[in-house]
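Encoded as structure tokens, the structure appears first; notes follow it.
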């Protein structure tokens, strides 16, 4: 299993744990996963996609309006992804 | 009404329209709003927060697990927000 698939599985497990307990430990795990994603050049919209997939697995009867709402949120994140990519390019130029 | 409040109201209206119709026009609107947010230094986690507030207004009986799941997603976006802030600093240094 590659690193991204492992992180995706971790994400779902942590999300499930957080939904059930709302504990700080899960939020710390979320922070660690997102840092790993950034390190691996995963754009923020990909996290929203991963989130939607995790929710659909955890709740097979997820209402259509929630799914559509996350597609919309994903779209808003694409601009942030592009801005972040530009940041990485600038950073590489400075190194 | 300030620009951010106006964008927040727009976001909710566009989201509602997209959920009802899934049309491309709403997605284009989402892109425009997110570009305005980036221009105004609004971090990505703030969009997730805005999204949660909009959903809660559109669906007053939004299940607790959906709300908790968005709190979790918000946490993952904070790292992206920090990375983006660093990008802005680099950019300012280059200008």
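Protein chains in written order, with my numbering: chain A, 251 to 345; chain B, 251 to 345. Where is the CB? At the ideal position from N, CA and C, for every residue including glycine.
Could you list the residues in the region 311-327 of chain A with a C-beta less than 8 Å from some C-beta on chain B, going in chain order?
Only 315, 316, 318, 319, 321, 322, 323, 325, 326, 327 from the region 311-327 of chain A bring a Cβ to less than 8 Å from some Cβ of chain B.
Please compile the residues from chain B whose C-beta is within a distance smaller than 7 Å of the C-beta of residue 280 (chain A).
322, 325, 326
With distances taken between CB atoms, is the gap from residue 324 (chain A) to residue 290 (chain A) smaller than 9 Å?
no
Kindly say whether residue 256 (chain B), judged by its beta-carbon, lies nearer than 9 Å to any beta-carbon of chain A.
no
Rounded to a whole number of angstroms, what is the C-alpha to C-alpha distance between residue 315 (chain B) and residue 261 (chain A)?
15 Å
Top-ranked residue by Cα proximity to residue 265 (chain A), from A:308, A:321, A:338, A:332
A:308
For residue 331 (chain B), tell me which candidate among B:311, B:284, B:322, B:296 has the shortest Cα-Cα distance.
Taking the Cα of residue 331 (chain B) as reference, the smallest distance to any Cα among B:311, B:284, B:322, B:296 is reached at B:296.
Quick check: is the beta carbon of residue 285 (chain B) nearer than 9 Å to any beta carbon in chain A?
yes
Range covered by the alpha helix (DSSP H) that runs through residue 294 (chain B):
Following the DSSP letters along the chain, one finds residue 294 (chain B) inside the alpha helix (DSSP H) bounded by residues 294-308.
To the nearest whole angstrom, what separates the beta carbons of residue 340 (chain B) and residue 340 (chain A), a pair I think is in contact under 8 Å?
5 Å
Cutoff 9 Å: residue 342 (chain A) Cβ touching any chain B Cβ:
no
Among A:268, A:318, A:294, A:283, which has the Cα closest to the Cα of residue 335 (chain A)?
A:294
Starting from the beta carbon of residue 305 (chain A), find every residue of chain B whose beta carbon is closer than 7 Å, and list them in chain order.
319
Expressed to the nearest angstrom, what Euclidean distance is found between the alpha-carbon atoms of residue 285 (chain B) and residue 274 (chain A)?
Distance between residue 285 (chain B) and residue 274 (chain A), taken at the CA atoms: about 32 Å.
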